[in-house]
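Visitor:
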Amino acid sequence: MGRVAAGKTTLMQRLKGEQISYCKTQYVYYTDTIIDTPGEYAENGELAAALALYTYEADIVGLLIASDYPYNPFPPCCTTACNREVIGIVTGIDKSEGDPDRVERWLRLAGCKTVFRISSYTGEGIRDIIAYLDDGTDEKLQKTKGETA
Ligand SMILES: Nc1nc2c(ncn2[C@@H]2O[C@H](COP(=O)(O)OP(=O)(O)OP(=O)(O)O)[C@@H](O)[C@H]2O)c(=O)[nH]1
Ligand SMILES: [Mg+2]
């Protein structure tokens with residue numbers, strides 16, 4: 012989960028080995044192993060309450076912020092609203108104008124003890140996050156891991 016254009020869908024495409032193509036998420040989208048949510052759910056107070064409920068459908072929750080995002084979108088310690096493991100993901104680290112250190116600090120402030128830095132474009136960091144998520148049940152993830160340096 013994360014705000015509009017945080018890079019959620021693009022990361023899912025990368026993890027699944029799909030072609031990267033912009034596709035605005037219109038509704039909560041379930042695949043076999045990943046749930047993708049529209050950024051509006053994290054931006055609108057009423058819908059944000061629904062996000063808390065969707066976390067119960069997951070084993071691990073990912074909070075995403077793009078490396079060039081201008082301010083912290085998540086309140087301090089907001090991960091306590093969720094009784095699942097919550098990891099942070101700094102996306103778009105290929106962007107020259109980004110500040111991944113600052114975004115990582117925001118994610119840690121939100122309560123994420125584990126933070127990954129990734130680029131869905133270059134593939135940097137993708138192998139690490141798959142190694143963390145992979146429980147052997149998603150063949151697409153394992154295939155991507157094998158192909159990613
Ligand atoms: N440079 C760069 N751009 C990225 C990366 N990941 C995503 N983007 C771009 O960021 C924009 C938004 O990406 P999405 O994956 O659609 O973002 P989202 O979080 O799913 O957004 P919503 O569906 O609106 O909530 C697109 O134009 C992507 O191409 C990345 O790793 N690097
Ligand atoms: Mg999306």
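Just so you know, we're using my numbering here: the sequence shown kicks off at 12 and counts up by one. All C-beta atoms, glycine included, are put in the ideal place defined by N, C-alpha and C.
#1: Are at least three pairs of beta-carbons, each pair with one atom in the stretch 100-112 and one in the stretch 68-80, less than 8 Å apart?
#2: Since asparagine 83 and leucine 120 should fall inside the 8 Å C-beta cutoff, what is the C-beta to C-beta distance between them, to a whole number of angstroms?
#3: Return the chain-ordered list of same chain residues with a C-beta closer than 8 Å to the C-beta of glutamate 108, the five sequence neighbours on each side being excluded.
#4: At the level of alpha carbons, what is the spacing between threonine 125 and valine 97?
#5: Under the criterion of a Cβ to heavy atom distance below 8 Å, does aspartate 145 qualify as lining ligand 2?
#6: For valine 15, count neighbouring Cβ atoms within 10 angstroms of its own Cβ and tell me buried if that reaches 16, exposed if not.
#7: Ends of the beta strand (DSSP E) at alanine 61?
#8: I'd like to know if the stretch 124-138 and the stretch 18-32 are in contact, where contact means that at least 3 CB-CB pairs between them fall below 8 Å.
#9: Helix, strand or coil for isoleucine 45 per DSSP?
#10: For tyrosine 33, which three-state DSSP category applies?
#11: If you drop the 5 nearest sequence neighbours on each side, which residues of the same chain put their C-beta closer than 8 Å to that of proline 111?
Guide: So, from the data block:
#1: yes
#2: 7 Å
#3: Asp79
#4: 8 Å
#5: no
#6: exposed
#7: Here alanine 61 belongs to no beta strand (DSSP E); instead the alpha helix (DSSP H) covers 56-65.
#8: yes
#9: coil
#10: coil
#11: Ser78, Val101, Ile104, Arg128
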